[in-house]
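**Student:**
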Amino acid sequence: MYIEVDPGEYHVLHPRPVYLIVSRSSSGRLNVMAASWVSPISDEPFLVAVSIWSKSLTHEYITETGEFTINVLGEEHADLAYRAGSVSGRERDKWNELGLNPYPSKHISTPGINGALGILECMVENKVPVGESMLFIASVKAIHVRRDLYARYGWNLDKARILMHNSGRVFTINGRLILVEKK
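Under the UniProt record's numbering, think of the first position of the sequence shown as 1, with each following residue one higher.
(1) Helix or strand or just coil, what does DSSP make of G85?
(2) Can you give the Cα-Cα distance for V38 and Y19, rounded to whole angstroms?
(3) Excluding sequence positions up to five away, which residues of its chain have a Cβ less than 7 Å from the Cβ of Y82?
(4) Does DSSP put T63 in a helix, in a strand, or in coil?
(5) Cβ atoms of H14 and H165: under 8 Å apart, would you say?
(6) Are the CB atoms of M134 and G66 nearer to each other than 8 Å?
(7) Any chance you could list the alpha helix (DSSP H) runs of at least 4 consecutive residues sitting entirely within the UniProt domain "Flavin reductase like" (12 to 155), in chain order?
(8) In angstroms with no decimal places, state the Cα-to-Cα distance between E97 and N31.
(9) Is G99 near L57, with beta carbons less than 8 Å apart?
(10) What's the C-alpha gap between P111 and P129?
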């Protein structure tokens with residue numbers, strides 16, 4: 001038996017990994033926001049798409065500089081993700097208030113967050129207006145991952161507890177692996 005929910009109820013697609021997007025103004029001011037609407041969209045070249053609200057400071061900074069970092073979070077970052085996603089960078093200096101420390105990027109001027117599980121350095125290749133948001137399509141220039149949490153084919157999920165957002169203040173993590181038999 002099914003029930004019908006509002007067609008705008010996007011939470012039916014959650015939980016989803018939540019990331020911190022770091023952007024930098026042309027004058028060097030850093031901003032951070034939480035985002036779940038992030039997806040790989042091409043393997044060759046490696047491209048990602050990130051949906052950012054068009055009126056946000058993050059949108060303004062990414063449009064100015066054409067770059068940003070995607071920071072992969074673990075369960076220890078739940079409070080940080082919630083706090084970064086709850087206030088506007090236009091009203092407060094979130095980077096400093098949250099006590100974030102930069103991890104230097106190699107190919108762009110925007111840093112990652114020291115302590116993240118992983119950091120993707122991204123340069124904007126295209127942008128597409130979608131509803132109230134802008135879909136930034138970016139090439140990944142470098143990836144940095146914590147050595148103790150990553151293996152040849154991805155995250156060691158026995159150790160890396162990737163933070164996922166369900167709704168509001170509700171987060172979850174990966175719980176168990178399901179291995180499908182090869183046929």
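The beta-carbon is built from N, C-alpha and C at its ideal position, and this holds for glycine as well.
**Tutor:** Reading off the structure:
(1) Here G85 sits in helix by DSSP.
(2) In this structure, the alpha-carbon of V38 lies about 8 Å from that of Y19.
(3) Taken in chain order, the residues that qualify are R169.
(4) Here T63 sits in helix by DSSP.
(5) A contact, by the Cβ cut-off of 8 Å.
(6) Cβ distance not < 8 Å, so M134 and G66 don't count as in contact.
(7) Listed in chain order, they are 57 to 65, 78 to 86 and 94 to 97.
(8) If I take the Cα positions, the gap works out to 11 Å.
(9) No, the pair does not count as a contact, with Cβ atoms beyond the cut-off.
(10) The straight-line gap from Cα to Cα measures roughly 26 Å.
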